[in-house]
Each structure stands twice: as structure tokens, then as C-alpha cells.
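Top to bottom, those sequences are chains A and B.
Per the working numbering, the first sequence starts with residue 1, numbered consecutively.
Per the working numbering, the second sequence starts with residue 351, numbered consecutively.
Let me begin by presenting the structure, written as C-alpha cells, before commenting on it.
There are 2 protein chains.
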Amino acid sequence: MGRIAIIGLGLIGGSVGLALKRAEPKNTTVVGYDDNREVMARARRAGVVDETEPSLERAVREATMVVVATPIAAVRRVLRDIGPHLQDKCIVTDTASTKGDVMRWAKQELPERVYFVGGHPMAGREKAGLQEAEAELFDERPYCIVPSVDAVGGAVNAVVGLVQALGAKPFFLDADEHDAYVAAISHVPLISSVALFNLARHSNAWPELANISGPAFKDLTRLASGEPELGHDIFITNRENVLHWLRRYMAELQRLSELIESQDEEESLFRTLAEAQIEREQFLENPPERVDARLKMEMPTASDAFMSMMTGALWQEHAKRAQDMIVERTRIGVESEAARRRRLMEDEDD
Amino acid sequence: MGRIAIIGLGLIGGSVGLALKRAEPKNTTVVGYDDNREVMARARRAGVVDETEPSLERAVREATMVVVATPIAAVRRVLRDIGPHLQDKCIVTDTASTKGDVMRWAKQELPERVYFVGGHPMAGREKAGLQEAEAELFDERPYCIVPSVDAVGGAVNAVVGLVQALGAKPFFLDADEHDAYVAAISHVPLISSVALFNLARHSNAWPELANISGPAFKDLTRLASGEPELGHDIFITNRENVLHWLRRYMAELQRLSELIESQDEEESLFRTLAEAQIEREQFLENPPERVDARLKMEMPTASDAFMSMMTGALWQEHAKRAQDMIVERTRIGVESEAARRRRLMEDEDD
Chain A
1 MGRIAIIGLG
11 LIGGSVGLAL
21 KRAEPKNTTV
31 VGYDDNREVM
41 ARARRAGVVD
51 ETEPSLERAV
61 REATMVVVAT
71 PIAAVRRVLR
81 DIGPHLQDKC
91 IVTDTASTKG
101 DVMRWAKQEL
111 PERVYFVGGH
121 PMAGREKAGL
131 QEAEAELFDE
141 RPYCIVPSVD
151 AVGGAVNAVV
161 GLVQALGAKP
171 FFLDADEHDA
181 YVAAISHVPL
191 ISSVALFNLA
201 RHSNAWPELA
211 NISGPAFKDL
221 TRLASGEPEL
231 GHDIFITNRE
241 NVLHWLRRYM
251 AELQRLSELI
261 ESQDEEESLF
271 RTLAEAQIER
281 EQFLENPPER
291 VDARLKMEMP
301 TASDAFMSMM
311 TGALWQEHAK
321 RAQDMIVERT
331 RIGVESEAAR
341 RRRLMEDEDD
Chain B
351 MGRIAIIGLG
361 LIGGSVGLAL
371 KRAEPKNTTV
381 VGYDDNREVM
391 ARARRAGVVD
401 ETEPSLERAV
411 REATMVVVAT
421 PIAAVRRVLR
431 DIGPHLQDKC
441 IVTDTASTKG
451 DVMRWAKQEL
461 PERVYFVGGH
471 PMAGREKAGL
481 QEAEAELFDE
491 RPYCIVPSVD
501 AVGGAVNAVV
511 GLVQALGAKP
521 FFLDADEHDA
531 YVAAISHVPL
541 ISSVALFNLA
551 RHSNAWPELA
561 NISGPAFKDL
571 TRLASGEPEL
581 GHDIFITNRE
591 NVLHWLRRYM
601 AELQRLSELI
611 ESQDEEESLF
621 RTLAEAQIER
631 EQFLENPPER
641 VDARLKMEMP
651 TASDAFMSMM
661 TGALWQEHAK
671 RAQDMIVERT
681 RIGVESEAAR
691 RRRLMEDEDD
């Protein structure tokens, strides 16, 4: 095969090295480079890469493929710095979490005699650094592939080969689609996690909240422990999509809030929760097949009717059991209690 | 000790049985009751309880302690039904996720000759049912104890003994505090999880979103798989607190949204993410000690200054690496791109 250069030996770059080593590619040398010399020395000692080189130029100049696995903010500079030293027809790929800016940087900074194919393994983790790297990181994970318009088929196939060697599942899409989709399933979850953590952390009741918090709080705030550098770069390179999906998220929260607030919507509230449960279980057991965008259609009426029947039956059962609570509950009792609770919370509102 | 009756043999009631069995209490019989006879038979066969009884009345009439572990909506009826059959000085406790209504129901439905001490183990799981029960469920988990005003010390101590036998850590608070706190660290996370799932599930791009989603999406939407019955009952018995904290959550999301939107706030955005990371790591490694509410004070200025210094240094380092991205990024390029992305998203806004 040749010589693969990995630029940036953190969690992702290090895991690429380990996964390639596990795949035992024939006649291939993996060379690593990192700005941090100590990290490079550790990577070499631990066998994450076969060799390291003291400069970017030397790391890439004989490479048949270059994998840029630096923080997003460093990608442009790396592309600019390696451009003049790349062989003709060298295949360059990256692992950044957003693709629109990266594809533009590649077009601006790389010479036309090389091929760029964007990549993004859906396999993050909140801890960064070489010490977190592992050969299994990409196993069975989706790996987005975003070819540049002028990348030849051979270059794209080579990146597919890399992705398969890493144990991941290639998933083709264009940069706009990619950035819109990851905003919904990755970047808004990050914001939601930070906001949930801040909500509790910045309350005067934090010592109590921290002490009684269970696994739900820990799991849902997990992403708040992510590297601030990664989050920052994601938000500024995917601003419009993130804001779009964040507005939709807040609208959905508002809708749920209104269902909870209205004493006449208890059945709708129950149905909403029951639908989410049923649909998430379906997603886990039997994820939807990807369909061509032009063939997409709304969920058919038959399916709506089925869901309505399912949740209706569940509600009947619950309402029968819950009759006392729902029917006998007095509005007056609840409201005077609410006033007391508001008093308890007043110091929070400052 | 005597005879402990567990009413409701689902995840929580079943786990109470198994954890008690593991604790091997001397001279104690654990009797179980469930509305579902088939569940009762399985609990007896699996040794979750020593005995079962064919009626609520028989299950509780010789009990020294009764643990009500039914869905919240059934608690009131159970308290009403068992009241007349309880021995004098019987200790009644429960495991419901909200405490205000439960404490009122206990006062209304139980005779004065018995003692009620509310309880809430902070150890849920999205899967319910006896088959999910395990002896270790409560190990090292906080267990909220909410004594009724007229519960004698002996009754409270007996419940502390139960909690310790289950392997959990007792945590005293009153019903108002409890319901306010769990709204923040448990009920708002549930809503956030359902909203995140719906955001993706109800998009036309769902097949793509489902296929590229990684562990972040799965973890953060986990609570959407919870029992709709539990969520529903939580929201209607803790409405005011949930709405209060949900408003605060949406305000924090709005604040983060503004930081992301403003091109002049990139450093603040970075600092916000860096603070959340540092503070969450502190929380995991060294959770704050609970302090008396009257002694609570704002975070001291010295600590603010320290955080500012920490995040400032991180930002300098990042900004140096990210210079190209941050300085050379042209507003014009970003905005025309944004227009294209909006087109891509238009069908989402219906």
C-alpha cells in the first residue's frame, strides 16, 4: 500500500494508529507527527505508529495518504503547511467534527495535484489525548465520508478502505448535509448537556443537588466534561446549523412545557411520553434504513393510527390505576402548595 | 426484627426484596404483594420475597414495616386500602419519585396510630419490571428520607436502618426541598432527553440522523425510553417545580445560544465551556459537601478569580493555535454558506 501519515496524535489520531496496526496492512508504514514532541515519543514507544518524524514536511513528503487528526482550529494551517510537500496524487483526509469549513480550507490550501476526501468518525469521547486512544474506538461506528468535488474515484475508494480497516462503517454525504445532521444529533446534545450541568451547578442548592443526583444527571451532563476547545471550534464552524436546531429544540421544550402546565392535557402528555418510549425502542432494536432523499415521505397514516391505538390502550390502563390521583386531585390544594414551593425557590431567581 | 411487607414487586420493590435478602436480617420475614398474580408467583419462586399473600389486607396485617413501591398514581389507593388493617405503630414508607403529594396522601389516608416516613431511592433505570430487579440497585446511592411531622424518632431510625440494609446512603430533607431538587436533577433531564429524541425523530432526515448518530445521542436520549407512566405521574405531582426549573433551563439554553450567535463572544463561549468542564470534573472527583442552608453563600471572589485565570490561560493557548480560523474567517463567506444551509433545512420547518 505505501506510507500513511497521521498528523495529530490525540484520541482520534492515536486510535487511527492503533486500529491500523490491528488491521496489519501489508507493506504499509504508518508515520506519526504531533506538535508535542513528548506525545510523539510516547506514540512511538507504545507502537501507536511505526515511525515519527521531527517535522510536518518530513512526515508527509513520501506519504501516499495523510490523515489530519488535529483540533479543527489547526486543520487549515496544517493543510497550508503540508501542501507544497505532498507527492502528486497524494490522498488527504481529516477527522474533524464539522465539514463545511474544512472542505473550503482544503480547496484553498491544497494544490490541485492532490485529492482531498473529508472524513468524520462518529466516535468521540469526552476525554481527549493519546492516553485515551484505543484500537476499538471506531468498531461498528458510522464514519462520514465527504468527497471533494474533484476527488477521483480511486481516492474515495482508498478512504473507504481506510475506514473499513479501522472497523467503521462508511457513510457518504455532502458537507452541508453532514453539518446539518451532526448539529442535530451531536452539537445540540452537547449544548443541552452543558445547560443541564450549569442549571444545577449555578444554583444555590448545588451542594444538595450534587449529593442526591443519580445516574440520570451524570449521564445527561456527560458531554459537559468534553474538551472546551472541541466544543468551541464546533460551534464557530457550524454556527448556523447549530442555531437552527437549537431553536427547534427550545420549541420542542416549550411544547412539552405547555403539555405539563395544562391540567387538561394529561392524556396528551402521557401519549407523548409513550410515543417517545416506543419510537426510541424501535430505533435501538431496528434503526430505520436510509432512504434516498427524493423518496422521503411523511410517516403513513396507517402507522399514525397504530401508534394512536397503542398509546391509547396504555393510557386507559394507567388512567384506571391512577383514577384517585387524577380525579380527586383538588386544584386548590395544588395551588396553595405551589405558592409555598415558589417561596422556597425565590433565592434561585436572582 | 419482624415482618416487612413490600407492596408492588416491580424494579424497585423487587430490588428492595433482593437487597434485604442479601443483608440477611435476623428473625425477619419479607412478604410481598402485587396486583399482578403472575408477578407475585415469579417473585416467590425467584426468592425475591419469603412469602406472598393473596390480598393487600393479609400482606400488611401483621407487618411491622410496610414498603409501598407501586407507581405514584397507585400510592394513595394503597394507603387508603391498607390503613384499617395495619397494626398500631406500624411504620409505613414508600419509594415514590415525588414527595409532596405522597406526604399529603399519607396524612389523609393513614390512621394516626401508624407512622409514615417518605422515602425515595435515587436509583432509577429506564427499564421497569421485576425482571430488572437486582440486589445491587441501591448500593452507594443516595436515598432521600422525608419524615412526616408526627413520625417518632424510632420510626425514622427504623427507615434509616432499612436504607442502610439496602446498601444506600440516607439523605434527610423535607418534601418541598425534595421535590424542588429532583425537578432540577432528574425531572428536567427527563424532559430534555425526550425533547432531544423528538427533535431528531420527527425530522424528515430521521433515517440519516439515526444512522450516523453516535454514543452522545444514545446516552442523552436514554431517559426517553423510560416508562411513560412514571414520567406522567412525576410531571403531574411535581408540576410547579418542574415548570420552574424548565424555565430556568430554557433561559440557560438561550444564554448559550446568544454566545454561539455573537461573533464577538468567542472567548466567552470558550470560557463557558471550559468552566463547565472544570466544574464537572470537580463534581465527579470531589463532590461538594452538603452545608446547612442558612450558611450557604455565593462562591467566593477568590474562587471566581481562580476560574478566570484557569480558563484565560486555556483560551490563550487555543487562540494561538486557532488564529487562522478565527482571524481569517470572512463574514461574507460564512453568511452565503448559511443561506445555502437554510435552503437545505427548509422542509424541516413545516
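Cβ coordinates follow ideal geometry from the N, Cα and C atoms, glycine included.
| Query | Result |
| --- | --- |
| At a cut-off of 8 Å, is arginine 58/A close to the ligand NAD when judged by its beta-carbon and the heavy atoms of the ligand? | In the structure on display, the ligand NAD does not appear, and there are no ligands present to speak of. |
| In the DSSP assignment, find the unbroken beta strand (DSSP E) run with isoleucine 185/A in it and report its ends. | Here isoleucine 185/A belongs to no beta strand (DSSP E), and DSSP marks it neither H nor E. |
| State the start and end residues of the unbroken beta strand (DSSP E) segment that holds aspartate 219/A. | Where aspartate 219/A is concerned, there is no enclosing beta strand (DSSP E), although the alpha helix (DSSP H) it sits in stretches over 215-220. |
| For aspartate 526/B, which residues from the same chain have a beta carbon less than 8 Å from its beta carbon, with the 5 sequence-adjacent residues on both sides left out? | Gly450 |
| By a C-beta neighbour count over all protein chains shown, 10 Å radius and 16 as the cutoff for buried, is aspartate 500/B buried or exposed? | exposed |
| Can you confirm whether the region 490-506 of chain B touches the region 218-235 of chain A when touching is taken to mean that 3 or more C-beta pairs between the two stretches lie within less than 8 Å? | no |
| Counting only runs of 3+ residues fully inside the region 458-532 of chain B, write out the beta strand (DSSP E) ranges in chain order. | 465-471, 492-497, 519-522 |
| CB valine 538/B to CB threonine 272/A, shorter than 9 Å? | no |
| Assuming cysteine 90/A contacts valine 114/A (C-beta within less than 8 Å), just tell me the rounded distance between them. | 5 Å |
| Please work out which residues of its chain come closer than 7 Å, Cβ to Cβ, to glutamate 459/B, disregarding the five sequence neighbours upstream and downstream, and give them in chain order. | Arg426, Leu429, Arg430, Gly433 |
| Hey, out of Val66/A, Phe283/A, Glu279/A, Ala319/A, whose CA is closest to aspartate 304/A's CA? | Glu279/A |
| Contact criterion: CB-CB distance below 9 Å. Does tyrosine 599/B meet it with respect to chain A? | yes |
| With 16 as the cutoff for other CB atoms within 10 Å, does glycine 363/B come out buried or exposed? | buried |
| Nearest CA to the CA of glycine 662/B: which residue from Ala419/B, Glu625/B, Val513/B? | Glu625/B |
| Quick one: Cα of tyrosine 531/B to Cα of tryptophan 665/B, how far? | 34 Å |
| So is alanine 419/B buried or exposed if we call it buried at 16+ other beta carbons inside 10 Å? | buried |
| Along the region 458-471 of chain B, what residues have a CB closer than 7 Å to any CB found in chain A? | none |
| Comparing the C-beta of leucine 20/A with each C-beta of chain B, is any distance below 9 Å? | no |
| Taking only beta-carbon positions, decide if valine 149/A is within less than 9 Å of chain B. | no |
| Compare the C-alpha of serine 658/B against each of Pro565/B, Gln632/B, Glu617/B and name the closest. | Glu617/B |
| On the CB-based measure, 16 or more other CB atoms within 10 Å of its CB, does glutamine 263/A come out buried or exposed? | exposed |
| Under the DSSP definition of a beta bridge, which residues are partnered with alanine 339/B? | Residue 339/B lies beyond the residue range present for chain B, which begins at 351 and ends at 700; the question has no answer from this structure. |
| So what's aspartate 101/A in DSSP terms, helix, strand or just coil? | helix |
| Measure the Cβ-Cβ separation of glycine 17/A and valine 48/A and say whether it is below 9 Å. | yes |
| Identify which residue in Glu136/A, Ile185/A, Ala128/A, Phe197/A has its Cα closest to the Cα of glycine 167/A. | Glu136/A |
| For valine 78/A, report the span of its alpha helix (DSSP H) as first-last. | 72-82 |
| Beta-carbon separation of arginine 353/B and glutamate 412/B under 9 Å? | yes |
| Around the Cβ of serine 365/B, are there at least 16 other Cβ atoms within 10 angstroms (buried) or fewer (exposed)? | buried |
| For leucine 359/B, count neighbouring Cβ atoms within 10 angstroms of its own Cβ and tell me buried if that reaches 16, exposed if not. | buried |
| Under a CB-based cut-off of 9 Å, is serine 257/A close to chain B? | yes |
| Tell me which residues share the same chain as alanine 158/A and place their Cβ nearer than 7 Å to its Cβ, disregarding the 5 neighbours each side in the sequence. | Met65, Ile91 |
| What residues in its chain sit with their C-beta under 8 Å from that of aspartate 292/A, if we drop five residues either side in the sequence? | Confidence at aspartate 292/A is low in this model, with a pLDDT of 49, below 50, so the placement of that residue should be treated as unreliable; the coordinate-derived value is given next. Taken in chain order, the list of residues that qualify is empty. |
| Expressed to the nearest angstrom, what Euclidean distance is found between the alpha-carbon atoms of arginine 294/A and asparagine 554/B? | Residue placement at arginine 294/A cannot be trusted, given a pLDDT of 38 that sits under 50; the coordinates are not used to answer. |
| Please check if any C-beta of chain B sits within less than 9 Å of the C-beta of cysteine 90/A. | no |
| In this structure, does DSSP put valine 442/B in helix, strand or coil? | strand |
| Relative to the alpha-carbon of glycine 564/B, which residue among Gly32/A, Leu209/A, Ser186/A, Glu53/A has its alpha-carbon at the smallest distance? | Ser186/A |
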